[in-house]
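A short write-up of the structure that comes next.
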Amino acid sequence: MNAENNGRGAEPLLQVENISLSFGGLKALDSVSLEVRKGEVLGIIGPNGAGKTSMLNVINGVYHPQEGRILFEGKDRTTMRPHEVAASGVARTFQNVGLFKAMTTLDNLLAGRNLFMKKNILLQAIYFGPAQREEIRQREKVEEIIDFLEIQNLRRLPVGALPYGLQKRVELGRALAQEPKLLLLDEPMAGMNMEEKQDMCRFIIDTNEQLGTTIALIEHDMAVVMDICDRIIVLDHGAKIAEGSPDEVRNNPEVIRAYLGDE
Amino acid sequence: MEEFWYWMEVFVSGTLQGVMYSLVALGFVLIYKSSGVFNFAQGSMCLFGALGFVILLEAEYNFWFALLLTVGMMIVLAIAVDWVVLRPLTARPPITLFMATVGLAFFLEGLAQLVWGTQPHGLDIGISDLPFEGLPISISRFELFAAGISLVMIGVLVVFFHKTRVGRALRAVADDHEAALSVGISLRMVWGVTWAIAGIVALVAGIMWGTRLGVQYSLSLIVLKALAVLILGGFNSISGAIIAGVIVGAFEKLLDVGISVATDYQFGGTESFSAYLLALVVLLFKPYGLFGDEIIERV
Amino acid sequence: MIYRQTGLFVTSYAKDMRMFPIPQDRWGIAFVLFVAYVIIPVFASEYWISTIFTVVLIYSLAAIGLNLLTGYCGQLSLGQAGFMAVGAYAAFNFAVRLPGLPVVVNFLLGGVCAALVGLLFGLPSLRIKGFYLAVATLAAQFTIEWVIVSFNWFAAGNMMGAIDTPRMVILGWHVESVTDKYLLTLSVVVVLAFAAKNLVRGEIGRSWMAIRDLDVAAEMIGIRLFPQKLLAFMVSAFYAGVAGALLAFCYLGSLEITSFELLVSFRILGMIIVGGLGTITGSFLGAAFIILLPILISNVAAQFASTQVTQFTANAEVMLFGALIIGFLILEPLGLARLWRSLKDKLRLWPFPY
Chain C
285 MNAENNGRGA EPLLQVENIS LSFGGLKALD SVSLEVRKGE VLGIIGPNGA GKTSMLNVIN
345 GVYHPQEGRI LFEGKDRTTM RPHEVAASGV ARTFQNVGLF KAMTTLDNLL AGRNLFMKKN
405 ILLQAIYFGP AQREEIRQRE KVEEIIDFLE IQNLRRLPVG ALPYGLQKRV ELGRALAQEP
465 KLLLLDEPMA GMNMEEKQDM CRFIIDTNEQ LGTTIALIEH DMAVVMDICD RIIVLDHGAK
525 IAEGSPDEVR NNPEVIRAYL GDE
Chain W
-4 MEEFWYWMEV FVSGTLQGVM YSLVALGFVL IYKSSGVFNF AQGSMCLFGA LGFVILLEAE
56 YNFWFALLLT VGMMIVLAIA VDWVVLRPLT ARPPITLFMA TVGLAFFLEG LAQLVWGTQP
116 HGLDIGISDL PFEGLPISIS RFELFAAGIS LVMIGVLVVF FHKTRVGRAL RAVADDHEAA
176 LSVGISLRMV WGVTWAIAGI VALVAGIMWG TRLGVQYSLS LIVLKALAVL ILGGFNSISG
236 AIIAGVIVGA FEKLLDVGIS VATDYQFGGT ESFSAYLLAL VVLLFKPYGL FGDEIIERV
Chain X
2 MIYRQTGLFV TSYAKDMRMF PIPQDRWGIA FVLFVAYVII PVFASEYWIS TIFTVVLIYS
62 LAAIGLNLLT GYCGQLSLGQ AGFMAVGAYA AFNFAVRLPG LPVVVNFLLG GVCAALVGLL
122 FGLPSLRIKG FYLAVATLAA QFTIEWVIVS FNWFAAGNMM GAIDTPRMVI LGWHVESVTD
182 KYLLTLSVVV VLAFAAKNLV RGEIGRSWMA IRDLDVAAEM IGIRLFPQKL LAFMVSAFYA
242 GVAGALLAFC YLGSLEITSF ELLVSFRILG MIIVGGLGTI TGSFLGAAFI ILLPILISNV
302 AAQFASTQVT QFTANAEVML FGALIIGFLI LEPLGLARLW RSLKDKLRLW PFPY
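Protein chains in written order, with my numbering: chain C, 285 to 547; chain W, -4 to 294; chain X, 2 to 355.
Shown next as structure tokens:
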């Protein structure tokens, strides 16, 4: 549509085709199609209960859709389990912070490096030679992310004790530790104050521009979405009702009706 | 033909015993449904109640008076548990609450035996254990009576849950804690009541089992068998607990006798574990038990 | 030198990621090992060495095993004593049927057998969790007991009751005296405790804790839940198995199924709750606490000696055990290890806590 906006995002990274998902008789997603293009920041918006989080869960492999298929880098992966999705290069943050609460910031980020670690229980039990070098290599990687997100002072603190805004930041860090090709953010600014939102926006934009990560995010704060997204998709009652640049979406009568009601 | 009646007899006696398992399991389900707590101490509550009751009987108290006193004791116990154990642990993970009830189980066993001694007490509630005459199979009067009492208890509870105000409040809480709170139901009251009812159920179960096996420490072990019944039936289904109890009772008796006969009495005593294996196998196919609600995980 | 971190500058990640980054901690461990290896064997009485130190060490090992599964990986198990039994009987059978193996190898083989049984009973964790899984482990406990009692083969043809364990030899060292057995136990426990500590601070430990804290998120960062849980079951059972073999060979000197009954499983669970879920140190503290407590109680009661007293103390002990579990869960869910940590944290920043 308007991929020429920034001269990027032409090639699709993820294609979701005619996905339908229902729980019992309840339809959460009704034949929704969308694509995330390489290098872009895609916003997914819509009123509560529109099926936004369900969409992420389908992409993540938590739920498997009854109909439709999902292509990632051109390959069909509709029925992948979550850990396989992660291994294929998709990382995710959660609406209500999905951190490992009793673990320290450092351990949370290192856990994000799980995919890159060699597994050998005997060597790990001795913690010697290759196992130790492996730990140190991953630690160096994690330190880069710690510097990038400016959370040096949180290393040794259990994340459950951190303020909400910082937890969100650490969670972003854990997702970045996976070096994802596609980063899914479920309401990254929910419950944040103005200053924290600005920080988070900066990190998201930096991630996109410096690391070249493709990002799809759900967010309720319209100002933020309009600011940082290249393209926006609007869901309502499990169906896609609009798609386009921030300006196009803002002026779309369907969208206005979905948000303001029928009057 | 004779062989058929033999197996029939094994089956019936297993089934009747199974109903008594259901009675123990029922106490679990009540508490689990209303508060999400898996109360491991249910068995110790059986022991505690039965021991208190038998001591009063031996002190020559009137049967009904003794029963009334022990019911009162169980209610006091329920309130104490609510205050001392449950309140401080509100909002902790379920596994923590479970472990706390494991602690409670030990505490109650120790307390009961500290106060009333460790020697086993015979308990006679005036129902003979003799079989009925003139039937092709022998059915013990007591087993039938116990099964009957269990069914009556279950019936009373069902009526209580559906017809009374408090009962409806309990069900509302079981369905949705927050919604129940928002219409003005007091969670504390509901939990207190549930624990009290579970205590009374435990007392009845304790008296039944106590009459059967004597009132002694091993009573609290029946709880473990009830666990198998529970996972088979699903944690939150009263009818599930009853049906699963019957299944477990019949299954373990038949299997035990079957193996004994088949191996010429070389092997026996499979009753000690067969119920768990059965539950385990069922779980592999139905992870929430035969009648439990499936939980859709939200992310 | 005062115990503290201030002024301590690490210059490499290797140093920062050491097991004990603070020098005083390293000295502390060295001191504890010195006491355990030199002071205790030389100065302690036989009664203390055997009935207290050896037993505490063995149960610490079983508790570490359970802590790996329950405290770190979040999977509650009520069958730890069953796996101890597997280890003990397997080690016994290896010793009797394959004479000549060093006894430590027997212990390890016992652990391996326990791990395999653990794998079997860990399989349900594919589909069930929480209480449901706890009941599955109960099935392990009872099934194992029944199988061992029912098949005479496991007792190598001996009749029911206690069977004497064979003599222990390692490369010419005849492990006979109480002190020898203590030293053997100590060495096995020390090695396995360090191994456990290494496991939990590395990739495997993080995966386990991630599963414990939030399994959905763990899966989405690429952790494969089922294999990791199975691994936890196996490692846990391995530790239990070795502990069971040690209990039979180095303390009891005999083999009897009653040493591994359900109550023992609960005692071990109590140890990790009191000591601290998710800590290795806590496993030692908890085991010591739970084992010393009854001895303390009966010693106090012996001051007021009378025949009624034993009955009284036995029940008081059970009550106190229950009350302790509840008390720790309410007041200090992280157990004795946490109390010890808080003390150290205060010291580390003293006198400027902010």
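Glycine included, each C-beta is placed from N, C-alpha and C at the ideal position.
Computed from a predicted model, the values in this text were never measured in an experiment.
The beta strand (DSSP E) spanning D470 (chain C) covers which residue range? Locating residue 470 (chain C) in the first sequence gives position 186, counting from the first residue. Per DSSP, D470 (chain C) belongs to the beta strand (DSSP E) from 466 to 470.
Report the neighbours of I90 (chain W) on chain X: residues whose CB is nearer than 9 Å to its CB, in chain order. As a working note, residue 90 (chain W) is residue 95 in the second sequence. By Cβ distance, chain X contributes T71, G75, L77, G131, F132, A135.
Please report how far the alpha carbon of L227 (chain W) lies from the alpha carbon of G235 (chain W), in whole angstroms. The residue given as residue 227 (chain W) occupies position 232 in the second sequence. The residue given as residue 235 (chain W) occupies position 240 in the second sequence. Approximately 8 Å between the Cα atoms of the pair.
For the stretch 188 to 195 of chain X against the stretch 54 to 73 of chain X, are there 3 or more C-beta pairs whose distance is under 8 Å? yes
In chain order, what residues of the same chain lie with their CB nearer than 6 Å to the CB of D165 (chain X), ignoring the 5 residues before and after it? Here residue 165 (chain X) is taken as the residue at index 164 of the third sequence, counted from 1. Result list for D165 (chain X): S255, in chain order.
Measuring CA to CA, which of X:I296, X:L332, X:L270, X:I298 is closest to F285 (chain X)? Translated into the one-based positions of the third sequence, residue 285 (chain X) becomes position 284. The candidate whose alpha carbon is nearest that of F285 (chain X) is X:L270.
Could you tell me if K158 (chain W) is buried or exposed, where buried requires 16 or more neighbouring beta carbons within 10 angstroms of its beta carbon? The residue given as residue 158 (chain W) occupies position 163 in the second sequence. Under this definition K158 (chain W) is an exposed residue.
Does the contact criterion of 3 or more C-beta pairs under 8 Å hold for the stretch 438 to 447 of chain C versus the stretch 343 to 353 of chain C? When C-beta atoms of the stretch 438 to 447 of chain C are compared with those of the stretch 343 to 353 of chain C, fewer than three pairs fall below 8 Å, so the two segments do not count as touching.
Taking 7 Å as the CB-CB cut-off, is G47 (chain W) touching chain X? Working through the second sequence from its first residue, we reach residue 47 (chain W) at position 52. No, G47 (chain W) does not count as interfacial toward chain X.
Would L118 (chain W) be called buried (16 or more neighbouring beta carbons within 10 Å of its own) or exposed? Translated into positions along the second sequence, residue 118 (chain W) becomes position 123. L118 (chain W) is buried by the Cβ-count criterion.
Only counting the same chain, and skipping five residues up and downstream in sequence, which positions put a Cβ closer than 8 Å to that of E292 (chain W)? In the second sequence, residue 292 (chain W) corresponds to position 297, counting from 1. Any reading at E292 (chain W) is ruled out, since the residue's pLDDT is 49, under 50, leaving its predicted position unreliable.
Leaving out five residues on either side along the sequence, give the residues of the same chain with a beta carbon under 6 Å from the beta carbon of M3 (chain W). As a working mapping, residue 3 (chain W) is identified with position 8 in the second sequence. Taken in chain order, the residues that qualify are I132.
Along chain X, in chain order, which residues have C-beta atoms closer than 9 Å to that of Y16 (chain W)? Residue mapping note: residue 16 (chain W) aligns to position 21 of the second sequence, counting from 1. Chain X residues near Y16 (chain W): none, gap ~14 Å exceeds 9 Å.
Give the DSSP-derived three-state secondary structure of A45 (chain X) in the structure shown. Taking the third sequence and counting its residues from 1, the one referred to as residue 45 (chain X) is at position 44. Coil.
For S145 (chain W), which option in W:F101, W:T258, W:G201, W:V256 has the closest C-alpha, if you only look at C-alpha atoms? Your numbering for residue 145 (chain W) matches position 150 in the second sequence. Of W:F101, W:T258, W:G201, W:V256, the residue nearest in Cα terms is W:G201.
Those residues which DSSP pairs with M169 (chain X) across a bridge: Position 168 of the third sequence, counted from the start, is the residue given in the question as residue 169 (chain X). X:V176, per the DSSP bridge assignment.
Got a sec? Which residues, its chain only, sit under 7 Å from I10 (chain W) by beta carbon, not counting five neighbours each side? What you label residue 10 (chain W) is simply residue 15 of the second sequence in a count that begins at 1. The question names Ile, but residue 10 (chain W) in the sequence shown is Thr. Hits under 7 Å: V241, G244, A245.
Tell me, please, whether the CB atom of M169 (chain X) is closer than 7 Å to any CB atom in chain C? Within the third sequence, the letter at position 168 stands for residue 169 (chain X). By this cut-off, M169 (chain X) is not an interface position.
What's the C-alpha gap between V374 (chain C) and Y543 (chain C)? As a working mapping, residue 374 (chain C) is identified with position 90 in the first sequence. As a working mapping, residue 543 (chain C) is identified with position 259 in the first sequence. Cα to Cα, the separation comes out at about 30 Å.
By the criterion of Cβ-Cβ separation under 8 Å, what are the contact partners of T85 (chain W) in chain X? By 1-based counting over the second sequence, the position of residue 85 (chain W) is 90. Ordered by position in chain X, no residue passes the 8 Å Cβ test against T85 (chain W), which lies about 11 Å from the chain.
Taking just the CA atoms, how far does R163 (chain W) sit from L340 (chain C)? Here residue 340 (chain C) refers to the residue found at position 56 when the first sequence is read from its first residue. Here residue 163 (chain W) refers to the residue found at position 168 when the second sequence is read from its first residue. Looking at the two C-alpha atoms, the distance is approximately 38 Å.
Could you name the residues of the same chain whose beta carbon sits closer than 7 Å to that of V7 (chain W), not counting the 5 residues immediately before and after it, in chain order? Stepping through the second sequence from its first residue, residue 7 (chain W) is reached at position 12. For V7 (chain W), where only same-chain residues beyond five positions count, the Cβ hits under 7 Å are I132, I134.
Let's test the definition: count the other Cβ atoms within 10 Å of the Cβ of V110 (chain W) and tell me whether it reaches 16, buried, or not, exposed. Position 115 of the second sequence, counted from the first residue, corresponds to residue 110 (chain W). V110 (chain W) should be labelled exposed.
If we cut at 7 Å on Cβ distances, does F384 (chain C) have a partner in chain X? Position 100 of the first sequence holds residue 384 (chain C). Judged by the 7 Å Cβ criterion, F384 (chain C) is in contact with chain X.
Is there a Cβ from chain X that is less than 7 Å from the Cβ of E547 (chain C)? As a working note, residue 547 (chain C) is residue 263 in the first sequence. Residue placement at E547 (chain C) is poorly supported in this model, since its pLDDT is 46, which falls under 50; the coordinates still yield a value, given next. Cβ-Cβ to chain X under 7 Å: no for E547 (chain C).
A303 (chain X) to I292 (chain X) span [Cα, whole Å]: On the third sequence, position 302 is the one that residue 303 (chain X) refers to. On the third sequence, position 291 is the one that residue 292 (chain X) refers to. Going by the C-alpha atoms only, they are around 17 Å apart.
Quick one: list the residues of chain C neighbouring A211 (chain X), beta-carbon separation under 9 Å, in chain order. Along the third sequence, read from residue 1 onward, the residue named residue 211 (chain X) stands at position 210. By Cβ distance, chain C contributes F384, M387, D391, N392, A395, N398.
Could you tell me whether the Cβ of A358 (chain X) comes closer than 7 Å to any Cβ of chain C? Nothing can be reported for residue 358 (chain X): it is not among the residues displayed for chain X, which extend from 2 to 355.
So, helix, strand or coil for F356 (chain C), using DSSP? Start at 1 with the first residue of the first sequence, and residue 356 (chain C) comes out as number 72. Correct three-state label for F356 (chain C): strand.
Decide yes or no for the touch test of the stretch 222 to 235 of chain X against the stretch 45 to 61 of chain X: beta carbon pairs closer than 8 Å, at least 3 of them. no
Would DSSP call R515 (chain C) helix, strand or coil? As a working mapping, residue 515 (chain C) is identified with position 231 in the first sequence. Three-state DSSP puts R515 (chain C) in a strand.
State the DSSP-derived secondary structure class of D520 (chain C), mapped to helix, strand or coil. Here residue 520 (chain C) refers to the residue found at position 236 when the first sequence is read from its first residue. Correct three-state label for D520 (chain C): strand.
Please report how far the alpha carbon of A241 (chain X) lies from the alpha carbon of N68 (chain X), in whole angstroms. Translated into the one-based positions of the third sequence, residue 241 (chain X) becomes position 240. Translated into the one-based positions of the third sequence, residue 68 (chain X) becomes position 67. Here the alpha carbons of N68 (chain X) and A241 (chain X) stand approximately 11 Å from one another.
Only counting runs of 4 or more residues, tell me where the alpha helix (DSSP H) segments fall wholly within the stretch 18 to 86 of chain W, in order along the chain. 37 to 53, 58 to 76
Check Q304 (chain X) in the structure and name its three-state DSSP category. If you number the third sequence from 1, residue 304 (chain X) lands on position 303. Under the three-state reduction of DSSP, Q304 (chain X) is assigned to helix.
D170 (chain W): first and last residue of the uninterrupted alpha helix (DSSP H) it sits in: Residue 170 (chain W) sits at position 175 when you count from the first residue of the second sequence. Unbroken alpha helix (DSSP H) run through D170 (chain W): 160 to 170.
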